[in-house]
Each structure stands twice: as C-alpha cells, then as structure tokens.
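Asker:
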Amino acid sequence: MLALVMLINRAGSMVLPFLGVYMTAHLHFSIENSGVVLSFFGIGSVLGSWLGGMITDKIGEYKVQSLSLLLSVPLFCMIPLFTTEVGLAGIILAQSIVSETFRPANSVAITKYAKPENLTRAFSLNRMAVNLGFSIGPALGGILSAISYEFLFYSNALGALMAGITYIVFFRKRDQLVTRKAKKVKEVNNTITEGSPYRDGKFLLYCFFCMLFAICFFQLFSTLTIFYKDTAHLSQQNIGYLLGYSGFLIVLLEMSLVQIAEKYFKLGVTMLLGTFLCGFAYAMMAFDYSIVALVISMTILCVGEIWTLPFMSTITALRSGAHNKGAYMGLNGISFSIAFIVTPYVGTLIAEKFGFTALWLGTGIFAVLIAIAFYFIVPWMLDRKVSEEDMI
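Those letters in the sequence shown? Residues 3 to 394, per my numbering, in order.
(1) So GLY46 and LEU95 are supposed to be a Cβ contact under 8 Å. How far apart are they, rounded?
(2) In whole angstroms, give me the CA-to-CA distance for ALA353 and PHE78.
(3) Within a Cβ cutoff of 8 Å, which residues of the same chain sit near ILE81, ignoring the five residues on either side of it in sequence?
(4) Would you give the residue range spanned by the alpha helix (DSSP H) that LEU245 belongs to?
(5) From this set, VAL348, SER315, LEU214 and LEU320, which residue's C-alpha is nearest ILE374's C-alpha?
(6) Using the C-alpha atoms, what's the distance from ALA341 back to SER198?
(7) For ILE57, which residues from the same chain have a beta carbon less than 7 Å from its beta carbon, with the 5 sequence-adjacent residues on both sides left out?
(8) Whose CA, out of PHE378, MET383, LEU351 and ALA263, lies closest to the CA of ILE33?
(9) If you drop the 5 nearest sequence neighbours on each side, which residues of the same chain put their C-beta closer than 6 Å to that of PRO346?
(10) Buried or exposed: ASN158, going by 16 or more other Cβ atoms within 10 Å of its Cβ?
(11) Check the C-beta distance from PHE219 over to MET273 and give it rounded, since I have them as a contact under 8 Å.
(12) Out of LEU222, GLU102 and GLU87, point me to the one whose CA is closest to THR301's CA.
(13) Specify the secondary structure class of TYR291 as computed by DSSP and reduced to three states.
(14) Report the three-state DSSP secondary structure of PRO381 (helix, strand or coil).
(15) According to DSSP, simplified to helix, strand and coil, what is PHE84?
(16) What do you reckon, are the CB atoms on THR113 and LEU53 nearer than 8 Å?
(17) What residues in its chain sit with their C-beta under 6 Å from that of SER248, if we drop five residues either side in the sequence?
(18) For TYR151, which of helix, strand or coil comes out of DSSP?
(19) Measure the beta-carbon distance from PHE278 to VAL370 and round it to whole angstroms, keeping in mind my assumption that it falls under 8 Å.
(20) Taking three-plus beta-carbon pairs below 8 Å as touching, is the stretch 356 to 372 in contact with the stretch 254 to 263?
(21) Which residue from CYS209, VAL75 and THR86 puts its Cα closest to that of PHE31?
(22) Per DSSP, what kind of secondary structure is GLY22 in: helix, strand or coil?
(23) Mark GLY328 as exposed unless 16 or more other C-beta atoms lie within 10 angstroms of its C-beta, in which case mark it buried.
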C-alpha cells in the first residue's frame, strides 16, 4: 500500500523534469539563472530531509508523510503566480522543504513494515512505484506543457492530494496499532541509546560519496532536459516520452536486476557496477546524441540507477540502529539534497561556459572514480555495527 501511495503521488510528478525548460522557454531565464533557481530546490531538499528525519523519530512517519503530502497541494498551485527569479526561487524553496520531509519518513515506514530479509526488495518495490508514476507523469507532462505550463503545477497538486487522502485512509488505523506496540517495546528498552549519524565517521564518508554520485546522476532532472531541447532538438512531447520510457523500463527490470545483484554480487560490487554504468551513459552523449543513441544511453542509465539507488537505502538501513533510522535516512537524504543544490548550478555553468560535451565527459570520468570509492567504502563500513571507535 505504501507503493500504491507513492505511485499516485509520482504519477502527478511532472514539474521537476520540465522546470528547467519552463524557465528557459516560457519565462525566458538564462540557462545560468535557471540553474541558480533550481539550486533552491536543492536547498529546500537539504532542510526538508534534515527536518523530516528529525521529526520522524519524534512524532512518527505517519504524521510526517500525511502533513507533507497535504501541505504540498497549495504550494504547487502557487508556483505559476511567481514569474521572477527571486519569487520563483522562494516558492520552490518552500515547496521543496515541505515535500522532501516525506522521503526519510517514507524510508522509515518501509523498514517498519518490511521483513529484514526483504529490505532491498521492499525499497525496490517502492522505487518501482516511483518509476511507474514517473513513466506516466513526464509523458503526460510533455503533452500538458505544450498546451499550458500551468497544467503541470495543478496536476502535481492533484497527485499530491490524491496520494495524501489514500495514505490517510489506509494507514491511519494501522499506524495506531503499530504505535501501541512500539510504545510497549520502548518501555522495555528505554535504556537503549544509539549514536547520532552525524558523529558516525564511516557513514559520513559514505554519504559524502553518495552526494558525489547524486551530483552526477541528477543531471537527469536539470541539465539533461535542456540538452535534449537545445542541442538534440527534441520536442517537449518527445522529452516527456523519453523520460517516461526510463520509468517504464525500470518498472520492467528492477525486481529482476535487484534479485540478480543480491544473488551474485556483494554490495560493494553492485555499487561499483551501477555507478560505472551511470557514468558511461552520460559520457555516451558527448559523442552521439541521435535519438537512437539517446534511447541507448537512457537504457544504460536505468540499469545503473537500479544497481545503485535501492542499495544505497539498504546500506543506510543496515548501518543504522533500531531507534535512529529516521536520523540515518534523513542524513543520507541530505547528501542527495545537497546534490540538488550543486548539480543545477554547476551543470548549467559548465554547459554554458564549456559546452555539453565537456559536461558529459566530466560526469563520466567523475562517476568512474566514485564507483571505485564505493567498492572499498561499502564493505569497510558494513563489516561491523557502529562502535565508539567510529564516532567523531
């Protein structure tokens, strides 16, 4: 049911992939200024991930997810009212803070309801719902944006509202039951204390490389759509179809590829392969951006994504304790949110100053170095649980 809520929410998520195009084509912002505005989404993501992780451990994931979904509705509706760089940056910052509190709470909910041996598959199922929604959202968004960009924001608001209502209806009673059980356990184990992830040196290093990976990967949500439109000369509808294809492909392949990785690869090897494939997919576009090459690149990027993102969540859950999962998930979310700040500005700056060829080659080389780092860091971090020696 968590996956169904995520599907409904993400099926309405069509704003972010088209936000760069909206600013450059509709509001006539420069590429560099568009990158600056998009960076405020990242700032909001950092604040939202930190806030979501903190309050999830205090009031529970049910209240955090419900409030995040419902409060997102009016904020999405307000975005078209702001047409200046400063105004748009402000409303995007506010919307991002509210919506990103959902992520750490949702991750905690998965660890709460899934069996330990099925944790990666549970994260994968949730991501399948995200990507099925993502295959619907951008495809529909490409069509709607050709008519009116305002439809994008109102459709996103509708998706958040439907997801919020669905979540409250199905999880209100279940959360009350689980909460009562958790209180009984807490009374028995009230002497247990677990450290803060912000003092866990190994985990901080892991999150740092997660951030570097996200800087590479999140070109998908900022500079890639601008590249598709300005350099590859794809129409908005075709951009939507290509992004929709990526989500549909992940839905088809994710569970099978996750099972293959779990059966044949260690976590460090899986992260190595996934990160390398993501970098290779971007580097390809430096040499060929015909429609066939773009489809092949997107296909490889999808495989790389499958072998990185769900396993990052699993690694975080394995490193955390029973009573600080929200804080750990929140910190890992912050590493991605920081990338949302850096990626749009740095990506658009490099593209404008040096061209997209330099951007894609640099992204590919950077990803290879990150892949090697993951190969060594992941087993080193997971060889044992957090000890006093790991705390800084």
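Just so you know, even glycine gets a beta-carbon here, dropped at the ideal spot from N, CA and C.
Answerer: Short version:
(1) 5 Å
(2) 29 Å
(3) VAL17, LEU90, ILE93, ILE94, GLN97 and PHE155
(4) 238 to 266
(5) LEU214
(6) 22 Å
(7) VAL66
(8) LEU351
(9) GLY37, LEU40, SER41 and SER224
(10) buried
(11) PHE219 to MET273, Cβ: 13 Å. No contact.
(12) LEU222
(13) coil
(14) helix
(15) coil
(16) no
(17) MET300 and CYS304
(18) coil
(19) 6 Å
(20) no
(21) THR86
(22) helix
(23) buried
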